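Novice: Residue numbers (the UniProt record's numbering): 1 to 302.
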Amino acid sequence: MKIIDAHVHLVQCIAGTGAGGELRSCGEGRGMYADGSVCRLLPPGWGDQATPERILQTMDDNGVERAVLLQGGYLGFQNLYSWQAQQKWPGRFLAAGAYDPYSRGRDGIVRHLFEELGMRVVKFEVSTGSGLMATHPVFGLDGEVMEREAAFADEHGLVFVIDIGKLGSPSSQIGALRRLIRRHAGMKFVVCHLLAPKHSEMEEMTAGLEALAGPNVWFDLASLQHNVRPDAPPYPVTRRFIARAVETVGAGRLLFGTDAPQNLCQFRYGDLVATIAEDPALAPEQKERILRQNALEVFWGG
1 MKIIDAHVHL VQCIAGTGAG GELRSCGEGR GMYADGSVCR LLPPGWGDQA
51 TPERILQTMD DNGVERAVLL QGGYLGFQNL YSWQAQQKWP GRFLAAGAYD
101 PYSRGRDGIV RHLFEELGMR VVKFEVSTGS GLMATHPVFG LDGEVMEREA
151 AFADEHGLVF VIDIGKLGSP SSQIGALRRL IRRHAGMKFV VCHLLAPKHS
201 EMEEMTAGLE ALAGPNVWFD LASLQHNVRP DAPPYPVTRR FIARAVETVG
251 AGRLLFGTDA PQNLCQFRYG DLVATIAEDP ALAPEQKERI LRQNALEVFW
301 GG
């Protein structure tokens with residue numbers, strides 16, 4: 001079975017920004033925030049980069065045909081690096097553009113990324129940990145700032161990918177996101193991390209999925225194993241959340257994603273694939289939808 005990973009990151013250099021300030025490499029795949037806190041970002045042996053070649057090798061080792069290259073504040077924006085990878089391997093990578101809409105030169109940024117370079121996907125991480133609400137005051141997802149960005153994306157035919165952070169956090173504004181989505185009914189939206197529920201938040205996740213469900217909305221499953229921990233292969237807890245999502249929005253609305261490379265610090269890529277590919281509760285056509293066909297339709301129109 002061919003696979004598309006709808007949530008991957010390249011890292012030319014660790015250049016993140018979050019609630020703890022700037023995040024920079026402190027060696028061996030780890031990063032240190034300005035507040036002194038340290039986190040592991042890359043698997044042992046990877047050094048301080050996740051190069052296209054390294055990601056391609058990981059994809060080839062696990063039967064992954066294509067990957068969508070997303071970006072966010074955690075690892076830092078990698079627009080040029082991601083675009084260059086797409087240009088060199090157009091059959092394997094699709095790069096999303098990312099930017100801070102509060103930038104004074106915002107107009108020039110979006111013109112360059114989406115009109116001059118021709119990027120077809122835009123990604124916003126708005127979480128309070130490492131997204132826009134980590135470095136800016138909390139704002140409404142249906143307010144002036146995000147409406148401007150959604151309108152631009154809609155006018156330019158972009159796929160709009162958004163990470164709203166953990167369920168229950170100030171950035172997890174289900175109602176506001178629903179209003180934004182409904183105002184742009186002709187644009188494709190992808191909401192990351194299945195709303196990022198904890199293991200105790202099955203019902204809250206379900207309510208959120210029900211509120212956001214629509215013909216132009218999909219949800220990626222990246223980091224679900226991490227978010228609903230404790231769990232272990234074959235990830236029965238994760239599978240229960242996926243089953244509920246299938247029941248709520250349908251298998252046709254779910255996208256496989258790994259959030260590589262960081263999740264490879266604690267999970268085997270093959271186990272992330274097997275969570276879906278070997279799930280006895282999913283029919284073969286549902287697995288095909290989640291692992292490949294949905295992403296092909298959303299991002300490549302095929």
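Just so you know, even glycine gets a beta-carbon here, dropped at the ideal spot from N, CA and C.
Only a predicted model underlies this, so the values are computations on that prediction, with no experimental measurement involved.
Say whether the region 92-100 touches the region 71-83, bearing in mind that this needs 3 or more beta-carbon pairs closer than 8 Å, one atom from each stretch.
Specialist: In short, these stretches touch, since the Cβ pair count reaches three.
Novice: Here's a check: name, in chain order, each residue in its chain whose Cβ is nearer than 6 Å to the Cβ of L255, leaving out the five neighbours to either side.
Specialist: Excluding residues within five positions, the ones whose Cβ falls inside 6 Å are A6, W218, D220, N294 and A295.
Novice: Alpha carbon to alpha carbon, what distance is there between L41 and P233?
Specialist: 22 Å
Novice: Tell me, please, which residues DSSP counts as bridged to D220.
Specialist: L255
Novice: Under 8 Å, do D163 and C192 count as touching if we go by C-beta distance?
Specialist: yes
Novice: Would you report the Cα separation of G91 and R66, rounded to the nearest angstrom?
Specialist: 7 Å
Novice: Go to G168, then tell me how far its beta strand (DSSP E) extends in each direction, as first and last residue.
Specialist: Where G168 is concerned, there is no enclosing beta strand (DSSP E), given that its DSSP letter is neither H nor E.
Novice: I'd like the list of long-range same chain contacts for H156, defined as Cβ closer than 8 Å, with 5 residues on each side in sequence excluded.
Specialist: Closer than 8 Å at the Cβ level, and outside the excluded window around H156, lie F114 and E115.
Novice: Going by C-alpha distance, which of A196, A151 and G175 is nearest K188?
Specialist: A151
Novice: Over the uninterrupted alpha helix (DSSP H) stretch that includes A243, give me the two end residues.
Specialist: P236 to V249
Novice: Which one of A243, H9, E247 and G143 has the shortest CA to CA distance from T51?
Specialist: H9
Novice: Could you tell me the boundaries of the alpha helix (DSSP H) in which I4 lies?
Specialist: Per DSSP, I4 lies in no alpha helix (DSSP H); the unbroken beta strand (DSSP E) holding it starts and ends at I3 to V8.
Novice: For L167, collect the residues of the same chain with a Cβ closer than 8 Å to its Cβ; drop the 5 residues on either side in sequence, then sort them by chain order.
Specialist: L195, A196, P197, K198, E201, E204, M205 and G208
Novice: Would DSSP call S25 helix, strand or coil?
Specialist: strand
Novice: Closest to G63 by CA distance: which of A283, L264 and A274 is it?
Specialist: A274
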